[in-house]
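**Student:** Residue 81 in my numbering sits at position 80 of the sequence shown, and the numbers go up by one each step.
Virtual Cβ for every residue (Gly too), placed ideally from N, Cα, C.
This is the structure I want to talk about, given as structure tokens.
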Amino acid sequence: MAGSLVFTLLLILIRNPYVQLFNVSGDVRGIGADILAAFAILMPVKVQNMILGGGIIRSGGKTKYVIIRYVSQEVSLQDGITNELL
């Protein structure tokens with residue numbers, strides 16, 4: 002958990018210099034920096050879910066639950082992105 006918090010802070014601090022490496026407009030840079038910040042803020046939760054769901058549950062033999070949960074999360078994230086774009 003501490004590693005993901007350190008990486009979150011690092012990603013938030015370097016998001017603007019990172020997006021400036023690409024030859025894109027200012028609007029795209031701003032959106033890219035915002036997306037990186039959102040990803041960084043959600044990273045500790047995602048890492049915790051990966052550790053608990055992928056390690057503890059899978060080692061106990063509950064692999065079907067892990068697959069269903071992972072697929073449902075990915076589908077819901079994609080639906081949210083698609084709905085936002087439309």
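Going by DSSP in three states, PHE23 sits in which element: helix, strand or coil?
**Tutor:** coil
**Student:** Is the beta carbon of VAL20 sitting closer than 9 Å to the one on LEU37?
**Tutor:** A Cβ-Cβ contact shorter than 9 Å links VAL20 with LEU37.
**Student:** Starting from the Cα of LEU14, find the closest Cα among ALA39, VAL48 and PHE23 and give me that residue.
**Tutor:** ALA39
**Student:** Rounded to whole angstroms, what's the CA-CA distance from PRO45 to SER5? Just pull it up for me.
**Tutor:** Rounded to whole angstroms, PRO45 to SER5 spans 5 Å at the Cα level.
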